[in-house]
Amino acid sequence: MLQITLFILAAAQAIALPLLQTDTSTNEASTGSTLGLRTLIVGSTSDSVILPKNVVQGYGSPFDVIVGAQPDLAGHGWHSIVVADSDVNQTWVREYAARTRARLVFLQSTADANDSTVLGVQDMFFDPSFQNITVADSDNARQLAGVLNTTSSWNVSETAPSAVSVVNTTMTTPFLVYDYETISADSAVAAFVANTTLGTEEMHFRFHANQAGLGANFVPFYTLSTEYTQMNLALGHSWYEWVTRGVFLGYRRLTMNIHVDDWFINSGIKYTNEAWKINSSDVETYVAWRKDFIENVLPAGSNFKLEPAYNGAGLGMSGYEDTSLNEASYEYAAEFDWMSHTWTHMNMDWLEDWQCDGKHKECNPLPEHYDAELGYNQKVARGEGIASDEYIDLYYGQIATPPHQFLDNRTELMENNYSPKSLVTPEITGLWPASYNGTPPVGRKPYLRNTLFFSKLVEYGIENVVGDNSRPELNAEVMYHAVVSTEEEYGTDGILIIPRWSPNIPFNCKDLDCVVRFYDEGACYWTTYGAPCNDSQVWTGADAINREAKSSTIPLLQQRWDPYMFHQANVHAQPYHNTSIPLVGQFVQDVAEDVLRYVTGLPFISIKMDDLGVMYRERMARDNAEHYGTLNLDEFGNPVSILVSGDDKFRVALTITATSPMSFMEQEDVSLYGTDQSVFEWVENNVPAAFKVSGSM
């Protein structure tokens, strides 16, 4: 994994922490030495380090954690240090920072008698009207903010706030100020950066910027009545960019991956049982909304698409009279990403009663069933039709599936918009591991270690399936990882089970009235991470959708990549802000607008399932390789190169942000995300990846 954590009972006991293959010489960083591209997080309790650990792990950056002890800080192992709480002895981290030029951030800074001399600030009377903070109105503060929203304000009343005034503007820059009456760069200051008289560069927060409603595994508490967790996660994007000088291993992404299951087939609408599916009008509404959403709501560089998981039987075999969805899907295929959801939506574990002599969940699918469910769907993506007499016995003689549907083997679409290596299994069936011994969801019967199904995945080139975050057996130990199948648990090694959220919006709701009725039945209490429910509240559709959307803000600020599950009925157009957009579009836009209250500098992007699978595999390989970086400095203390090594084969990700004093040399092959520049290169056979950089510290 990426971290080493030391838990020490006696805080006075000195513990030597291995510097993880970084330079351990005692030469100063300014005389032609090195600095580890790694972050140290120190705290007095395990709770105080939860939020900073989450921030750094979200970036995929290597880090170490020390709780309750002073380590041996010889060498140059870290280029950045995060002091999580006020009970950490500051002397030793400052000595290390002064010697190596590592930056320091203090997430719970408190007043000290020497502040005016060392930090250029002095404590000031805390007016009770100081409730909200905002970014100071100065170019320097906006530079410090990085990707943070520089015009929003956030309430800090629950985070033990205090205030300082700046008494030495030559050494100290206000970052966050209290948002009351007038805002100026030197008013009541809540956070600041100082070039101290100790020879260190430090960022200080005079409230508890480490406070968060997160468990040790970074999962939010079930009920969060206020938003300090969201605020402090968002602030992490600022302080981490600053403390690393905008140079770190890993990268950052806001991913908005919205799966739409059951594309092309009917749903039995909730409360009415009407057999219904969307049509061309709904697709056209989505296309118009998507354009406006990207151009007028999302940050520059964003790109959003729905990702239908299609059931090809609905193209012809099911015999629907309205084929307008077929035509619209063909015309607007490039507006979506596409992947398979099986041919007919067959359960991957059990045949229907009518297929099993009336026996309920007793007969497993046969090889020919899997061949049809997986193979037919791949055929129609390639533009092939299927004649009535070509179907397997189960469907023999039914209506033929016409050729030249949706993707139609069009080269650009097949390369850029299609994920042939990915599958959404109906009801997340087929994925029960051999060791499962839990209580299954109502109506589900586990079929453990479905080896035939997994062998068919391999046969049809499928490498990725989706899981369900509500099923513990499908959750990886690290929230930034996916489960990888093993022969012992599933019968096959190497199939990726990607985590997926299931918002509390019924799959068979096509309008807001349905969602309201669902909430009136008590669905509010089923939502994770939401504000407390109020039995007397009169719900509107907009209220319910917005509450569901806000439950996504924390995972996105944590930089989780998990897709979100919706269904075809949820694409139906509904009223929204004096226009009409898809019901699922209301969720997506509310999610974006809430996240943008905190962070505006990171583009939202949708990543097709095949590419998302690659991202997960590469992230896991980096973490498992215990990768580490070394920043090489010349004799004048200026950066010249970065070397990255690890214990196994992995693909390096190295990022330099727009606020960094460093940059990649022209010969590096740079990928852009917003204003971030990242380079990627494979490391194997113990040969480090080398990147040329220039600039200053």
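Going letter by letter, the sequence shown gives residues -16 to -1, 1 to 681 in mature numbering (1 follows the signal peptide of the UniProt record, and there is no 0).
Positions of the beta carbon are idealized from the N, C-alpha and C atoms, including for glycine.
### Task
Determine the DSSP secondary structure at residue 124, reduced to helix, strand or coil.
helix
### Message
Any beta carbon from chain B within less than 7 Å of residue 274's own beta carbon?
### Response
Judged by its chain identifiers, the structure shown contains no chain B, having just a single protein chain.
### Query
Can residue 645 be considered in contact with the ligand MG, in the sense that its beta carbon sits closer than 6 Å to one or more heavy atoms?
For the structure depicted, the ligand MG is absent and the ligand set is empty, with no information on it obtainable.
### Task
State the Cα-Cα distance for the pair residue 209 and residue 267, rounded to the nearest angstrom.
C-alpha of residue 209 to C-alpha of residue 267: approximately 37 Å in a straight line.
### Query
Quick one: what does DSSP say residue 328 is sitting in, helix, strand or coil?
Secondary structure of residue 328 (DSSP, three-state): coil.
### Task
State the CB to CB distance for the pair residue 550 and residue 281, rounded to an integer number of angstroms; the pair is presumed to be in contact (CB under 8 Å).
About 19 Å; that fails the 8 Å criterion.
### Query
Within 10 angstroms of its Cβ, does residue -6 collect 16 or more other Cβ (buried), or is it exposed?
At residue -6, the pLDDT of 29 sits below 50, so the modelled position is not reliable and the matter cannot be decided from this model.
### Message
Bridge partners for residue 636 per DSSP, in chain order?
### Response
665
### Task
Take every Cβ of the stretch 348 to 359, pair it with every Cβ of the stretch 437 to 446, and state whether three or more of those distances are shorter than 8 Å.
yes
### Message
Looking at the strands, I want to know which residues DSSP matches up with residue 179.
### Response
185
### Task
Any chance you could list the beta strand (DSSP E) runs of at least 3 consecutive residues sitting entirely within the stretch 515 to 586, in chain order?
548 to 551, 557 to 560, 563 to 566
### Query
What does DSSP give as the partner residues of residue 291 in its beta bridges?
Its beta-bridge partners are 243.
### Task
With residue 274 as the anchor, note down where its alpha helix (DSSP H) starts and where it stops.
Element bounds for residue 274: 264 to 280.
### Query
Which whole-angstrom value is the C-beta distance of residue 500 and residue 528, which I expect to be below 8 Å?
6 Å
### Task
Alpha carbon to alpha carbon, how far is residue 61 from residue 471? Give it in angstroms, no decimals.
Cα to Cα, residue 471 sits roughly 39 Å from residue 61.
### Query
Going by C-alpha distance, which of 66, 409, 44 is nearest residue 51?
When only C-alpha atoms are compared, the closest one is 66.
### Where residue 255 falls, given that 16 or more other Cβ within 10 Å makes a residue buried
exposed
### Message
Would you call the stretch 201 to 216 in contact with the stretch 232 to 248, where contact means no fewer than 3 C-beta pairs closer than 8 Å?
### Response
no
#### Entry: Pairwise C-alpha distance: residue 481 and residue 32
32 Å
### For residue 373, three-class secondary structure by DSSP
In the three-state reduction of the DSSP assignment, residue 373 falls in the helix class.
### Query
When DSSP labels each residue in this structure, what does residue 106 get in the three-state scheme?
Residue state, collapsed to three classes: strand.
### Message
I'd like the list of long-range same chain contacts for residue 46, defined as Cβ closer than 7 Å, with 5 residues on each side in sequence excluded.
### Response
-15, 22, 233, 611, 612
### Query
If we ignore side chains and look at the alpha-carbon of each, how far apart do residue 572 and residue 87 end up?
37 Å
### Message
If you reduce the DSSP assignment to three classes, tell me which class residue 679 lands in.
### Response
Strand, per DSSP.
### Query
When you compare only the Cα positions, how much space is there between residue 273 and residue 240?
Looking at the two C-alpha atoms, the distance is approximately 16 Å.
### Task
Work out the CA separation of residue 63 and residue 188 for me, nearest whole Å.
17 Å
### Query
For residue 353, does the count of other Cβ atoms within 10 angstroms reach 16, so buried, or fall short, so exposed?
buried
### Task
Decide if residue 335 is buried, meaning its Cβ has at least 16 other Cβ atoms within 10 Å, or exposed.
buried
### Task
Please classify residue 497: is it buried, with 16 or more other beta-carbons within 10 angstroms of its beta-carbon, or exposed?
Looking at its Cβ environment, which holds fewer than 16 other Cβ atoms inside 10 Å, residue 497 is exposed.
### Message
I'd like to know whether the C-beta atoms of residue 269 and residue 590 end up nearer to each other than 7 Å.
### Response
no
### Query
Using the C-alpha atoms, what's the distance from residue 534 back to residue 125?
Cα to Cα, the separation comes out at about 28 Å.
#### Entry: Close beta carbons around residue 364, own chain, < 7 Å, minus the five adjacent residues each side
The residues are 296, 299, 385, 389.
### Task
Tell me, please, whether the stretch 117 to 132 touches the stretch 90 to 105 by the rule of three or more beta-carbon pairs shorter than 8 Å.
no
### Task
May I have the straight-line CA-CA distance separating residue 177 from residue 401, to the nearest angstrom?
Using only the alpha carbons, I get a separation of about 45 Å.
### Query
For residue 227, which three-state DSSP category applies?
helix
### Task
Name, in chain order, the residues that DSSP records as bridge partners for residue 157.
Residue 157 pairs with 177.
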